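With the first letter of the sequence shown counted as 1, position 293 gets the number 293 in the UniProt record's numbering; the numbers rise by one all the way through. Built from N, CA and C at the ideal position, the CB exists for glycine as well. These numbers were taken from a predicted model, which means no experiment stands behind them. So the structure is just underneath, and the comments pick up after that.
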Amino acid sequence: MDGCRREGVDRRTFVASVAGSFIASAPSFAAKPKPPVLRIDGLSTFIDNLDRPEGIAVDRAGRVIFTDHHAAVTIREPDGTLSRRGDAIAPCGVALDGKGNAIVANMGLLSGKPGVLQRVALSNGADEKLAESFDGRALLASNSPCVAADGTIYCSHSSWGNAKAIGKTIADGFVYMVSPGGKARIVATGIRGANGTCIDPAQLYLYVAVTPEARIIRYRRLPDGRLGPRENFGPQLGEAVPDQTIDAIRALPPQDRRRLGYCDGIAFDADGNLWVTLPFANRLVAITPAGELIDVMHDGEGSIFDMPTNIAWGGKDRRDLFIVARARNMIVRGRTNVRGAV
Numbered sequence: 001m002d003g004c005r006r007e008g009v010d011r012r013t014f015v016a017s018v019a020g021s022f023i024a025s026a027p028s029f030a031a032k033p034k035p036p037v038l039r040i041d042g043l044s045t046f047i048d049n050l051d052r053p054e055g056i057a058v059d060r061a062g063r064v065i066f067t068d069h070h071a072a073v074t075i076r077e078p079d080g081t082l083s084r085r086g087d088a089i090a091p092c093g094v095a096l097d098g099k100g101n102a103i104v105a106n107m108g109l110l111s112g113k114p115g116v117l118q119r120v121a122l123s124n125g126a127d128e129k130l131a132e133s134f135d136g137r138a139l140l141a142s143n144s145p146c147v148a149a150d151g152t153i154y155c156s157h158s159s160w161g162n163a164k165a166i167g168k169t170i171a172d173g174f175v176y177m178v179s180p181g182g183k184a185r186i187v188a189t190g191i192r193g194a195n196g197t198c199i200d201p202a203q204l205y206l207y208v209a210v211t212p213e214a215r216i217i218r219y220r221r222l223p224d225g226r227l228g229p230r231e232n233f234g235p236q237l238g239e240a241v242p243d244q245t246i247d248a249i250r251a252l253p254p255q256d257r258r259r260l261g262y263c264d265g266i267a268f269d270a271d272g273n274l275w276v277t278l279p280f281a282n283r284l285v286a287i288t289p290a291g292e293l294i295d296v297m298h299d300g301e302g303s304i305f306d307m308p309t310n311i312a313w314g315g316k317d318r319r320d321l322f323i324v325a326r327a328r329n330m331i332v333r334g335r336t337n338v339r340g341a342v
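Structure follows, in structure tokens:
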């Protein structure tokens, strides 16, 4: 009897010990935090009658600086006055350097013009070429510049050819940088259709929209401005068809285009969400810091924004979001429930 009792006690002690160890080592199944609700309201026309608008930025004075083919850049003052600076080459993306200059990328591949990167003084339109070629090969498709806090400029170069293949499978795109001292060099290669760029508010990573892959990638910034290995950021943004052309996309009905994930402009809000335009789907989405994909807005018929390319926040509280609607030759403005990153 005593042996049986002792054996039973020992067995119960063993089982309790094992169960306790399992519970202690079991993974936590706490509910994941809900993704944020991101919203844009009150979209309306801000500027219309433009000529193939593409890039946009907003300075600290509240001026909206954008590119179309009327000039290298155009400035829209807070009172509504428009003034143009520099001669248009093939203006695409635009960024501001904090010294009163616009950095303009030129997508010459679409028009047979040079694909140079230029610095345009907003005060008088004085123009300086920052990058024109690498290893004797003239740039053709400079696309989207961004400027780091230390003055380093990064710019995507989409391709050396076949601009109509949105889903291109040849990875001949790259990113180049221009140091504060003016030296230009290539810092990332092997990118299919490198497109929109931006730097996170902490200045740690350069983010790049890879249009044919329908995804965002990023590179850790190194102390000298060069870039570390490529990393994927977030999920694939939608469908991507190898070597799909612009004409094939345009032939699709709106319900099929909605599923396309081809991405273009990117920008961070103050909460660390990366907002992304999907121009052929007429969608605006965001990737949270945790890598989750959120739908912000879809305009299937293009009645408000048609082919959104680039975005920028402005306004006194940085909750005015400006969206370039390229197919409608206009810029629209709405109010978001989060502030844009500084």
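{"query": "Neighbourhood of Pro289 by C-beta distance below 6 Å, restricted to the same chain and skipping five residues each side", "result": "Gly272"}
{"query": "Any beta strand (DSSP E) of 3 or more consecutive residues that is wholly inside the stretch 229 to 291", "result": "266 to 268, 274 to 278, 283 to 287"}
{"query": "Beta carbon of Val116 nearer than 8 Å to that of Ala131", "result": "yes"}
{"query": "Buried or exposed (CB count within 10 angstroms, at least 16 for buried), Ile65", "result": "buried"}
{"query": "Helix, strand or coil at Pro308 according to DSSP, with G and I counted as helix", "result": "strand"}
{"query": "Pick from Leu278, Val104, Arg326 that is closest to Ala240, judged by C-alpha positions", "result": "Leu278"}
{"query": "Rounded C-alpha distance that separates Val276 from Ile311", "result": "8 Å"}
{"query": "Segment contact flag, the stretch 186 to 202 with the stretch 168 to 175, C-beta cutoff 8 Å, min 3 pairs", "result": "yes"}
{"query": "Counterpart residues of Val332 in DSSP-defined beta bridges", "result": "Thr45, Ile323"}
{"query": "Exposure of Lys168, with buried meaning 16 or more beta-carbon neighbours within 10 Å", "result": "buried"}
{"query": "Beta strand (DSSP E) runs contained entirely in the stretch 86 to 142, provided each spans 3 or more residues", "result": "91 to 96, 101 to 106, 117 to 121, 127 to 131"}
{"query": "Ile249 and Phe280 closer than 8 Å at C-beta", "result": "yes"}
{"query": "Collapsed DSSP secondary structure at Thr67 in the structure displayed", "result": "strand"}
{"query": "Option nearest Ile170 by Cα separation, candidates Leu140, Asp79, Thr189", "result": "Thr189"}
{"query": "Candidates Ile246, Phe134, Asn232: closest to Ile166 by CA position", "result": "Ile246"}
{"query": "Straight-line gap, Thr152 to Ala270 (C-alpha atoms, nearest Å)", "result": "22 Å"}
{"query": "Pro145 - DSSP class collapsed to helix/strand/coil", "result": "strand"}
{"query": "Pro253 to Arg226 span [Cα, whole Å]", "result": "43 Å"}
{"query": "Nearest to Leu140 (by Cα), restricted to the options Phe305, Met107, Arg215, Arg39", "result": "Met107"}
{"query": "Helix, strand or coil at Thr211 according to DSSP, with G and I counted as helix", "result": "helix"}
{"query": "Residue from Cys198, Ile75, Val104 with nearest C-alpha to Ala341", "result": "Cys198"}
{"query": "Same chain, Cβ closer than 6 Å to Asp299, five either side skipped, listed in chain order", "result": "Asn282, Phe305"}
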